[in-house]
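Asks:
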Amino acid sequence: MTQTITIGNAPVEIMNRFDLSQRLVRLLKNDEAVVAGIGNTNFDLWAAGRRPQNFYMLGSMGLAFPIALGVAIAQPKRHVIGLEGDGSLLMQLGALATIAAHKAQNLTMIVWDNQSYQITGAQPTATARVTDIVDVARGCGIKQSLWARSPDDFEAQVKKAITGGEKTLIAAKTDKEPPRGQTHRDPVLIRENFMQGLGVRSAKTFAPD
Amino acid sequence: MRRARLHYRHFEGTTAVQTGAAGSTSRMIQERRHMAETAPSSWFDIAIAALKRNEVKLITFVPDRVLTPLIKGLEGDPYFEVIGTTREEEAVGIVSGAWMGGVRGAVLMQTSGFATLPNVIASLLVPYQIPAILIVSERGTLGEFNIGQALVCRTMRPVLDSLATEHHTVTRIDEFDFILDRSIQQAVKTQSPATLILSPLLTGGKVL
Ligand SMILES: Cc1ncc(C[n+]2csc(CCOP(=O)(O)OP(=O)(O)O)c2C)c(N)n1
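Listed below in structure tokens is the structure:
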């Protein structure tokens, strides 16, 4: 049974983070970079399929979007996607203002809003009661900020964001299912793999001549 | 060109002492005069030259009064992309992403801004081996008037030491280029962050 909640007089489906992560990865055709925030966000990205262009964070709550902006600045021809939980984003809301003010448009921000700090015991965040992430992002100046209303709508919004030439924030209401995997926790390997995926480092350094 | 000149300037004192500078006084005076005319003369021009020479293109910052001429100078130079952020953690995040994408960056902040960073230094810069350059205007010492600043200042070096990360306090203008230049190079080659603490002895500090 699909559950829905009403946002802005229209129903929004409560979706599954792993399912949406898989849908996202399937849509990536041009080596887009993906920076995934602490905890469940990067666990489900990991479980959705490893790619050299994925970066998995092991801490630094709320920095997925700033890191994604940095990648987008360094590589203006590549599209960059940041994935962040609602709790993490609430910790660094100022980042939305910084990103809104910046000229980079090759950036898509995706928020998994399960209305809780799920990984630390599912305590409710402010989004469970009063705070609307999309309104916050719009207020910060990110004009293209919207709710994904169903998994199909999510895919349509992601496609549009990747090709649309305008930075976009997509928020999805997600359920309380646990993540489907655990990221391998070697930060140097994660970073090196990512830099190779972005073409900054060569994968051939240790290859036989 | 500029690099050789600046480094020569740094070593000049040593050379002069070693050779006793016999018979070369007038040449030295001439060279000094030449260098004074061509080398950057203010601490912030030295910083801009060293950042540029080391291809540190992306600068993120949270404002500080003492850093204002440096920020203005960087913003006025098209070589740099300069981004004001709402918080220092965010500034470090942006520079980290850019470095992984192939662009070097530095973060400018004051002492109290640094005090917000231990979590991100310990969970991002150090474990992922990201050579972010942190440039801190030192408040809270040598004539500070705000007790809060003074206490915050005392947390900075213990934090840096506890994470075993490279840091230098710059007090003299004639040493600044050398310290900044070498620290950037070392950070990149050893893949570790480096912190430069700019003492009021260098910058003049904040005067009421
Ligand atoms: C600065 C900081 N404070 C607290 C924590 C503990 N912590 C780790 S993950 C997390 C919750 C993350 O919530 P959210 O981003 O919504 O992701 P979810 O767990 O719901 O998937 C918290 C509080 C931390 N890692 N860092």
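Keeping their order, the protein sequence lines are chains A and B.
Per numbering that gives the first Met the number 0: the first sequence = residues 0 to 208.
Per numbering that gives the first Met the number 0: the second sequence = residues 0 to 207.
All residues carry an ideal CB built from backbone N, CA and C; glycine is no exception.
1. Is M60 of chain A near ligand 1, with its Cβ less than 7 Å from a heavy atom?
2. Could you check if D209 of chain A belongs to the surroundings of ligand 1, using beta carbon to heavy atom distance under 7 Å?
3. Comparing the CB of Y116 of chain A with every heavy atom of ligand 1, is any distance shorter than 7 Å?
4. Starting from the Cα of E165 of chain A, find the closest Cα among A:G58, A:H183, A:Q143, A:N15 and give me that residue.
5. Taking 7 Å as the cut-off, does the CB of T168 of chain B come closer than this to any heavy atom belonging to ligand 1?
6. Which of the three DSSP states, helix, strand or coil, is assigned to T5 of chain A?
7. I'd like to know whether the C-beta atoms of I169 of chain A and T107 of chain A end up nearer to each other than 8 Å.
8. Less than 7 Å between C-beta atoms, sequence neighbours within five positions excluded: which residues of the same chain meet that for T13 of chain B?
9. From D30 of chain A to L195 of chain B, what distance separates their C-alpha atoms?
10. Does the beta carbon of M108 of chain A sit closer than 8 Å to a beta carbon anywhere in chain B?
11. If the cut is a Cβ gap below 8 Å, which residues of chain A does V94 of chain B touch?
12. P250 of chain A touches chain B at which residues, Cβ-Cβ below 8 Å?
13. Shorter than 8 Å from the beta carbon of E137 of chain B to some beta carbon of chain A?
14. Please state whether the Cβ-Cβ distance between G93 of chain A and T110 of chain B is less than 8 Å.
15. DSSP three-state call for D112 of chain A: helix, strand or coil?
16. Is the beta carbon of I58 of chain B less than 8 Å from the beta carbon of F43 of chain B?
17. Is G96 of chain B near V34 of chain A, with beta carbons less than 8 Å apart?
18. Taking DSSP's pairing of strands, which residues face R210 of chain B in a bridge?
19. With a threshold of 8 Å between beta carbons, is Q21 of chain A in contact with chain B?
20. Quick one: what's got a C-beta closer than 8 Å to G203 of chain B's C-beta in the same chain, skipping five residues either side?
21. Which residues, in order along the stretch 95–106 of chain A, keep a beta-carbon less than 7 Å from a beta-carbon of chain B?
22. Looking at the structure shown, is Q109 of chain B part of a helix, part of a strand, or coil, going by DSSP?
Replies: Reading it off the structure:
1. Yes, since a heavy atom of ligand 1 falls inside the 7 Å radius drawn around the Cβ of M60 of chain A.
2. Not covered by the structure: residue 209 of chain A. The range shown for chain A is 0 to 208.
3. yes
4. A:Q143
5. no
6. Of the three classes helix, strand and coil, the one that applies to T5 of chain A here is strand, per DSSP.
7. yes
8. Residue confidence is low: T13 of chain B scores 35 on pLDDT, short of 50, so the model does not pin down where it sits. Its coordinate-derived value is still stated next. Correct list: empty, nothing qualifies.
9. Cα atoms of D30 of chain A and L195 of chain B: separation of roughly 36 Å, rounded to the nearest angstrom.
10. no
11. G69
12. Because chain A here runs from 0 to 208, residue 250 of chain A falls outside it and cannot be looked at.
13. no
14. Inclusion of G93 of chain A and T110 of chain B in the CB contact set at 8 Å is not warranted, their separation being larger than that value.
15. strand
16. no
17. yes
18. As displayed, chain B neither begins before 0 nor continues past 207, which places residue 210 of chain B out of reach and without an answer.
19. no
20. Within the same chain, G203 of chain B has close Cβ partners V65.
21. A96, T97, H101
22. strand
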